[in-house]
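Report on the structure given below.
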Amino acid sequence: MPAGSILVGQVGVDGHRALAIKVELPNSPPLLLLVADKGFIMCGYLNLELAERLGVAAAVVSRVRTFEDVLEAPIKALTSKARGLGLREGMKGKEALALLM
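Numbering-wise, the numbering used here comes out as the position in the sequence shown, counting from 1, plus 26.
Written as structure tokens, this is what we have:
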């Protein structure tokens with residue numbers, strides 16, 4: 027996909043579906059975001075501190091280029107609301123996403 031392209035789809039975990047968004051950026055890895063009912067998993071481009079201030083459940087993964095990468099990557103950081111839902115650093119994205127469904 028060329029820079030500026032946006033792919034919107036879905037990923038499935040444990041029989042549930044989450045919104046999946048990928049934005050191709052020029053000369054860099056893509057921006058990736060998986061959105062579930064209770065929160066979201068984002069790549070490192072997005073601002074975790076703001077998510078914390080807004081009181082939302084959010085988790086960060088890094089070094090990802092595909093939706094599958096997000097599901098397999100370990101959670102690097104998360105908000106206190108995400109922690110309250112059972113998410114933990116080091117768990118795979120798909121485990122975290124299941125808790126956010």
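Positions of the beta carbon are idealized from the N, C-alpha and C atoms, including for glycine.
Considering only their Cβ atoms, is the gap separating residue j from residue i smaller than 8 Å?
i	j	result
residue 93	residue 37	yes
residue 39	residue 117	no
residue 46	residue 60	yes
residue 52	residue 29	yes
residue 65	residue 98	no
Only counting the same chain, and skipping five residues up and downstream in sequence, which positions put a Cβ closer than 8 Å to that of residue i?
i	result
residue 43	36, 37
residue 115	100, 101, 102, 103, 104
residue 111	64, 65, 83, 125, 126
If I measure Cβ to Cβ from residue i and keep anything under 6 Å in the same chain, skipping five residues before and after, which residues do I get?
i	result
residue 85	67, 101, 104, 108, 113, 122
residue 58	48, 69, 90, 96
residue 31	50
For residue i, count neighbouring Cβ atoms within 10 angstroms of its own Cβ and tell me buried if that reaches 16, exposed if not.
i	result
residue 41	exposed
Looking only at its own chain, which residues have a Cβ that is under 7 Å from the Cβ of residue i, when we skip the five neighbours before and after it?
i	result
residue 62	44, 123, 126, 127
residue 56	48, 49, 50, 91
residue 106	78
- Item | Segments assigned alpha helix (DSSP H), at least 4 residues, entirely inside the stretch 73-115 | 74-80, 93-98, 106-110
- Which ranges would you report for the beta strand (DSSP E) in the stretch 29-81 if only whole runs of at least 3 residues count? 32-39, 42-49, 57-61, 65-69
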